[in-house]
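Position one of the sequence shown corresponds to residue 1 (the numbering used here), numbered consecutively onward.
Using N, Cα and C, we set each Cβ at its ideal position, and we do this for glycine too.
Contents: one structure, followed by commentary.
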Amino acid sequence: MRPVTGICSRLRVPLLVIKLVVLGGCGAVQQSPSHLAAGWDPSNNPAIFEPGYEYRLSALPLSGQTSHIPWPDTYWPDQYGGIADRWQTSEDTFSYKTYNDPAKLNQEQLALLSPAEKFDLLRGRYDFPLVGSERRRTNPESALWRGICHGLAPLSMAIREPQPTVVKNARGIEIPFGASDIKALLVYNQALMANVAPRVLGQRCNDDLSRYPDRSQNPACEDVNAGAFHLVITNRVGIRKVAVITDLARDLQVWNQPIYSYRAAIGRSTPPRLGAAPGTVEEKVISMQVRYSVSVDPSWSAQDTSGGRGYDERNYQYTVELDNAGRIIGGRWLGDGRPDFMWVQPPANLSGDWQLLAQFYRSAVKTQNP
1 MRPVTGICSR LRVPLLVIKL VVLGGCGAVQ QSPSHLAAGW DPSNNPAIFE
51 PGYEYRLSAL PLSGQTSHIP WPDTYWPDQY GGIADRWQTS EDTFSYKTYN
101 DPAKLNQEQL ALLSPAEKFD LLRGRYDFPL VGSERRRTNP ESALWRGICH
151 GLAPLSMAIR EPQPTVVKNA RGIEIPFGAS DIKALLVYNQ ALMANVAPRV
201 LGQRCNDDLS RYPDRSQNPA CEDVNAGAFH LVITNRVGIR KVAVITDLAR
251 DLQVWNQPIY SYRAAIGRST PPRLGAAPGT VEEKVISMQV RYSVSVDPSW
301 SAQDTSGGRG YDERNYQYTV ELDNAGRIIG GRWLGDGRPD FMWVQPPANL
351 SGDWQLLAQF YRSAVKTQNP
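Spelled out as structure tokens, the structure:
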């Protein structure tokens with residue numbers, strides 16, 4: 001088994017498309033007058049990202065946790081061949097040979113196949129087209145952080161974690177699927193076939209700030225706005241009890257992690273600084289600790305998260321800018337530590353052969369408590 005703990009991703013949605021999607025989904029915010037948007041540029045406007053937020057600092061909870069905890073798993077690194085990786089063996093994804101007559105394989109041999117091979121067998125494709133397409137899509141020379149965590153993150157916060165199951169194909173071959181095999185296929189569908197664009201707050205920083213620290217002042221490397229960050233975390237996690245995906249790396253690399261809990265403390269008050277959002281009468285210093293799921297090695301059974309395995313935390317400090325009604329209208333980060341952008345996306349539909357996943361996913365969770 002190759003270690004795959006780390007980071008990942010490529011949220012392949014052009015910024016123009018992201019902005020159009022976000023702006024197109026904007027609705028009237030009943031509780032917040034329209035002038036609240038004055039402190040935000042369009043890419044950082046919480047009202048465009050998601051309507052109906054509470055903006056009053058005093059009404060926002062100082063701690064919260066989602067009703068469903070995102071499960072950790074691997075992001076299927078491109079370097080290892082994505083979901084064509086025979087993750088329980090040390091075989092090279094880009095050179096192993098597929099089986100000409102899989103009906104002759106025993107259960108132990110079938111269990112060791114890659115998620116892509118198992119799905120091809122399930123749908124009766126003994127020419128293994130998914131294996132071939134994964135080998136073409138991925139590259140052993142890719143950076144280790146590249147993978148499909150842009151599928152893992154939204155799915156892990158939306159659906160229950162499956163357990164292993166055995167599925168029989170049309171030719172009577174009983175195919176053992178481990179928990180990570182099932183998740184791999186669902187994550188792949190989410191990452192590469194999602195028919196609903198993500199809603200994004202902030203812009204992606206495409207600069208390597210370790211090499212070019214002076215580029216930290218580029219607008220895309222300064223967001224997400226700290227006030228907007230506070231509003232999203234406290235409204236989604238604290239009030240609505242749902243997670244939000246956050247790119248925890250400020251610069252070039254992308255670490256898509258679902259934040260599912262937080263604790264915050266309100267510190268001192270300061271007068272408005274030069275450059276604060278128009279209408280600011282006061283700034284408050286905020287300290288926040290967030291918890292999120294991380295990438296771990298794939299497993300046959302559901303992930304063992306005892307002792308906090310598969311989860312981590314970060315601390316942030318920032319100010320929020322308040323108007324004369326105590327509503328957050330802006331903010332700024334204190335120090336270099338900050339996320340890059342935030343996003344959400346509903347689960348992708350399963351169509352065509354991928355509808356086969358729906359049936360055996362249900363069997364893989366039916367014995368669990370809701």
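Boundaries (first-last residue) of the beta strand (DSSP E) holding residue i
i	result
I340	The residue you asked about is not Ile; residue 340 is Asp in the sequence shown. Looking at the DSSP string, D340 is not in any beta strand (DSSP E), and its letter there is neither H nor E.
S287	282-293
L201	199-201
Coarse secondary structure for residue i, derived from DSSP in three states
i	result
L356	helix
V365	helix
G52	coil
G307	helix
G64	strand
S351	coil
Y316	strand
E134	helix
V237	helix
A111	helix
D78	helix
D120	helix
G172	coil
L144	coil
N44	helix
N189	helix
K183	helix
P129	helix
G151	helix
A277	coil
S58	helix
A302	coil
A194	coil
Beta bridge counterpart(s) of residue i as assigned by DSSP
i	result
K104	Answer is none; K104 lacks a bridge partner.
F177	T165
P258	I245
E321	E283, G330
R263	S63, Q289
T270	E283
D92	For D92, which the question treats as bridged, DSSP gives no partner whatsoever.
D73	S295
Enclosing alpha helix (DSSP H) for residue i [first to last residue]
i	result
S157	The sequence as given places Met at residue 157; Ser does not occur at that position. M157 -> no alpha helix (DSSP H), and no H or E assigned at all.
V232	226-232
Cβ-heavy atom distance, residue i to the ligand HEM, below 8 Å
i	result
H68	The ligand HEM is not part of the structure shown, which contains no ligands of any sort.
May I ask you to verify whether the stretch 149-161 touches the stretch 81-97, counting CB pairs closer than 8 Å and requiring at least 3? no
Is it the case that the stretch 186-202 contacts the stretch 144-156, given that we only count it when at least three CB pairs across the two stretches are under 8 Å? yes
Do the stretch 71-84 and the stretch 292-301 meet, that is, are 3 or more Cβ pairs less than 8 Å apart? yes
Give a yes or no on contact between the stretch 55-67 and the stretch 318-330, applying the rule of three or more CB pairs nearer than 8 Å. yes
Are at least three pairs of beta-carbons, each pair with one atom in the stretch 340-352 and one in the stretch 262-272, less than 8 Å apart? no
Check whether the stretch 241-248 touches the stretch 266-280, taking contact to mean three or more Cβ pairs, one atom from each stretch, closer than 8 Å. no
Does the stretch 122-136 come close enough to the stretch 75-89 that 3 or more CB-CB pairs lie under 8 Å? yes
Check whether the stretch 101-117 and the stretch 171-183 are in contact - that is, three or more C-beta pairs closer than 8 Å. yes
Should the stretch 222-232 be regarded as contacting the stretch 332-339, the criterion being three or more beta carbon pairs within less than 8 Å? yes
Inspect the CB distances between the stretch 113-122 and the stretch 45-56 and report whether three or more fall short of 8 Å. no
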